[in-house]
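Enquirer: Numbering (UniProt numbering), first residue to last: 1 to 154.
Quick reminder that beta carbons are idealized off the backbone N, C-alpha and C, glycines included.
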């Protein structure tokens, strides 16, 4: 968690990687799950942009039902954290095979792409890379004093 906090304190966007495997997803979003904890920490540390990548879709044969179930559950808990689910792209991926990472996958013909609503604009795409590219970098407070995160004192 310490490394996660250090990195997140400087982040413009968080990518929440959710394992879609049976039991893995449920453990991550349980009351004390790491997925839930990371989403809460990201929001608390001021990361306003979130992307959700639903990983290991190849392990459940690219099940559309599983994808929809994960989106429903995840949308509910990120809304409670403070994120607007309509502004969050949800991308089904297989990191192991590279599906939907850089180019659209043929393994999920049911997937029509993600849509996010930001400041009255509707943005859309299919891949994780397109979701990352859709994030506008925030204005940098260059006129303010320098801030650095400290991870540890030796």
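Could you check the C-alpha separation between residue 104 and residue 149 for me, to the nearest Å?
Expert: As a position in the chain shown, residue 104 is number 104, starting the count at 1. As a position in the chain shown, residue 149 is number 149, starting the count at 1. Residue 104 and residue 149: Cα-Cα distance of roughly 37 Å.
Enquirer: Answer yes if the segment 140-149 comes into contact with the segment 94-101, meaning at least three C-beta pairs across the two stretches below 8 Å, and no otherwise.
Expert: No, because fewer than three Cβ pairs between the segment 94-101 and the segment 140-149 fall closer than 8 Å, the two stretches do not touch.
Enquirer: Apart from the five residues just before and just after residue 38, which ones in its own chain have a Cβ nearer than 7 Å to its Cβ?
Expert: Translated into the one-based positions of the chain shown, residue 38 becomes position 38. The residues are 4, 16.
Enquirer: Evaluate the contact criterion for the segment 26-35 versus the segment 49-56: three or more CB pairs, one atom per stretch, below 8 Å.
Expert: no
Enquirer: Which residues in the same chain have their Cβ closer than 7 Å to the Cβ of residue 33, if we skip the five residues on either side of it in sequence?
Expert: Stepping through the chain shown from its first residue, residue 33 is reached at position 33. These residues qualify, in order along the chain: 27.
Enquirer: For residue 62, which beta-bridge partners are listed by DSSP?
Expert: For this step, residue 62 is matched to residue 62 along the chain shown. Residue 62 is bridged by DSSP to nothing; it lacks a bridge partner.
Enquirer: What ranges does the beta strand (DSSP E) occupy inside the segment 38-90, keeping only unbroken runs of at least 3 residues that lie completely in it?
Expert: 49-55
Enquirer: Output the distance between the C-alpha atoms of residue 8 and residue 151, rounded to the nearest integer angstrom.
Expert: As a working note, residue 8 is residue 8 in the chain shown. As a working note, residue 151 is residue 151 in the chain shown. Roughly 12 Å between the two C-alpha positions.
Enquirer: Less than 9 Å separating the beta-carbons of residue 130 and residue 84?
Expert: Along the chain shown, read from residue 1 onward, the residue named residue 130 stands at position 130. Along the chain shown, read from residue 1 onward, the residue named residue 84 stands at position 84. Against a cut-off of 9 Å, the Cβ pair of residue 84 and residue 130 comes out as no contact.
Enquirer: If you drop the 5 nearest sequence neighbours on each side, which residues of the same chain put their C-beta closer than 8 Å to that of residue 77?
Expert: By 1-based counting over the chain shown, the position of residue 77 is 77. Closer than 8 Å at Cβ, skipping near neighbours: 29, 36, 39.
Enquirer: Taking the straight line between their C-alpha atoms, what separation do you get for residue 125 and residue 87?
Expert: One-based indexing of the chain shown puts residue 125 at position 125. One-based indexing of the chain shown puts residue 87 at position 87. So the alpha carbons of these two residues sit roughly 13 Å apart.
Enquirer: Taking the CB atoms as reference points, tell me whether residue 71 and residue 128 lie closer together than 9 Å.
Expert: Taking the first residue of the chain shown as position 1, residue 71 is located at position 71. Taking the first residue of the chain shown as position 1, residue 128 is located at position 128. No, the Cβ-Cβ distance between residue 71 and residue 128 is not below 9 Å.
Enquirer: Which two residues bound the contiguous alpha helix (DSSP H) that contains residue 6?
Expert: Translated into positions along the chain shown, residue 6 becomes position 6. Start and end: 2-8.
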